[in-house]
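Worksheet: one structure, shown below.
Residue numbers (full-length UniProt numbering): 1 to 409.
Take a look at the structure:
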């Protein structure tokens, strides 16, 4: 099913997740480049990815107000499931990702930047108009747009989409076939009227989507074949947690993966509900997905759990977890390894402290020996406080090395 054939409500749920992801990943980008922002939104995000031979070229625009030290406009481009380019109102440049930057002539990005420079001010005007019209001139507000095209390289069918949302709600969308805008609620009717009679957009989009959008989608697919056409096998782990058994698959590309998680006890299927999580992007352009079997601690005793992960990169990967009297044998082994490693670390710390004290004592002794007779001297060992480095990741490692390598657009 093509993107444009989905209901507007369903489509916009996709938009909201993408926009949240844009903001989150952009904040992380600012942090990596030693810039600061007062708002960091930690959200789950997933991208719309065309299945099979249906390819997608899309852009995501986010205009915001009321967020200090955050760009008023962020744009992210995505080809299929890979971020292609990004822009923000601080840098005012469309910056391609490495997989395209090395292939597409640099002049192309200059042209794209110039086009954005002409179009970007509209978003600032639009959100100012909406907040004024709704008497919402204070606080945080968002004006979001998702637009692009799809192309099936077998049937040659094409489709287009251009949708807007205000503060997380459907607002207005473009009906390219009938050259009109569709208001999603009563608040959008004035915008619909203004856009249909006060802007030349309709005729501009009538030429842009069928021609330039599809043309560059095909070119990007050609330029990025080594990235978009690659396959990477998943890494699979099967483990217990308080609520049940989890099968986690990560590091795979492309995103299509099938996880089958089952539990057996005394040769009988437990028939437990399996919660299948959404496929999420990793920071390196790969994906992750997990399935969770809800089963109590008591029911897990003497149980056997199997997870099979099927991916186009190769043969299915099968992991098995056997629980004896409610204890995970693999978990015990891992626990022993961790305990041993911790013991070694502790021993190393003790040895280091002893050596440091000994070294400090020797220095003090030498200082005493070299001082004038009768003088009262003392030696102190001064050192910097140890720096503390922490590494955090969400449950199941929902973010790995974050940055867009996604959206990535």
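Cβ coordinates follow ideal geometry from the N, Cα and C atoms, glycine included.
Assumed close pair residue i, residue j - CB separation to whole angstroms, cut-off 8 Å
i: residue 190; j: residue 124; result: Incorrect: roughly 18 Å between the Cβ atoms, too far for contact.
i: residue 84; j: residue 96; result: 7 Å
i: residue 291; j: residue 257; result: About 10 Å separates the two Cβ atoms, so there is no contact after all.
i: residue 57; j: residue 148; result: 5 Å
i: residue 227; j: residue 99; result: 4 Å
Short Cβ contact (8 Å threshold) for residue i with residue j
i: residue 152; j: residue 54; result: yes
i: residue 253; j: residue 209; result: no
i: residue 185; j: residue 170; result: yes
i: residue 134; j: residue 66; result: no
i: residue 90; j: residue 76; result: no
i: residue 286; j: residue 232; result: yes
i: residue 220; j: residue 79; result: yes
Residue i: first and last residue of the uninterrupted beta strand (DSSP E) it sits in
i: residue 67; result: Residue 67 -> no beta strand (DSSP E), and no H or E assigned at all.
i: residue 292; result: 287-294
i: residue 199; result: Taken as a continuous stretch (DSSP letters only), residue 199 belongs to no beta strand (DSSP E), as it is neither H nor E.
i: residue 135; result: Careful: residue 135 lies outside any beta strand (DSSP E) and carries neither H nor E.
i: residue 278; result: Run containing residue 278: none; DSSP gives neither H nor E here.
i: residue 320; result: 314-324
i: residue 188; result: It is not in any beta strand (DSSP E) - residue 188 carries neither H nor E in the DSSP assignment.
i: residue 211; result: No beta strand (DSSP E) holds residue 211; DSSP gives it neither H nor E.
i: residue 262; result: 257-265
i: residue 176; result: Note, residue 176: premise wrong, no beta strand (DSSP E); not H, not E.
i: residue 80; result: Taken as a continuous stretch (DSSP letters only), residue 80 belongs to no beta strand (DSSP E), as it is neither H nor E.
i: residue 148; result: 141-152
i: residue 249; result: 244-252
i: residue 303; result: 303-311
i: residue 273; result: Counting along the chain, residue 273 falls outside any beta strand (DSSP E), and DSSP gives it neither H nor E.
First and last residue of the uninterrupted alpha helix (DSSP H) at residue i
i: residue 300; result: 297-300
i: residue 99; result: 98-101
i: residue 223; result: 214-223
Same chain, Cβ closer than 8 Å to residue i, neighbours up to 5 away in sequence not counted
i: residue 179; result: 202, 203 and 206
i: residue 103; result: 223 and 224
i: residue 137; result: 131
i: residue 177; result: none
i: residue 435; result: The requested residue 435 does not occur in the structure, where the chain is confined to residues 1 to 409.
i: residue 243; result: 292 and 294
i: residue 266; result: 302
Closest by C-alpha distance to residue i, when choosing among the options
i: residue 187; options: 130, 144 and 176; result: 130
i: residue 199; options: 181, 244 and 101; result: 181
i: residue 126; options: 139, 144, 116 and 219; result: 144
i: residue 277; options: 284, 267, 268 and 259; result: 259
i: residue 230; options: 82, 64, 238 and 62; result: 82
i: residue 69; options: 80, 88 and 79; result: 88
i: residue 212; options: 239, 108 and 241; result: 108
i: residue 64; options: 166, 106 and 155; result: 166
i: residue 284; options: 268, 255 and 265; result: 255
i: residue 289; options: 236, 265 and 313; result: 236
Residues near residue i by beta carbon distance below 7 Å, same chain, minus five either side
i: residue 113; result: 93 and 94
i: residue 263; result: 245, 270, 272, 293, 295, 303 and 305
i: residue 354; result: Annotation note: pLDDT 44 at residue 354 (below 50); position unreliable, no value reported.
i: residue 234; result: 249, 250, 251, 252, 257, 309, 311 and 317
i: residue 192; result: 172, 181 and 183
i: residue 116; result: 75, 87 and 94
i: residue 313; result: 231, 232, 233 and 252
i: residue 139; result: 66
i: residue 128; result: none
6 Å Cβ shell around residue i - same chain, five flanking residues per side excluded
i: residue 332; result: The pLDDT assigned to residue 332 is 41, lower than 50, so where the model puts this residue is not dependable, and the model offers no usable value.
i: residue 261; result: 247, 274, 291, 293 and 307
i: residue 323; result: 300 and 303
i: residue 164; result: 145, 171 and 172
i: residue 215; result: none
i: residue 218; result: none
i: residue 352; result: For residue 352, the predicted model reports a pLDDT of 49, less than 50, meaning its position is unreliable; a value from the coordinates is still stated below. Here the set comprises nothing.
i: residue 175; result: 182
i: residue 158; result: 151 and 214
i: residue 162; result: 147 and 174
i: residue 315; result: none
i: residue 238; result: 247, 307, 319 and 321
i: residue 120; result: 73
Near the ligand MG: residue i beta-carbon under 7 Å from a heavy atom
i: residue 180; result: The ligand MG is not part of the structure shown, which contains no ligands of any sort.
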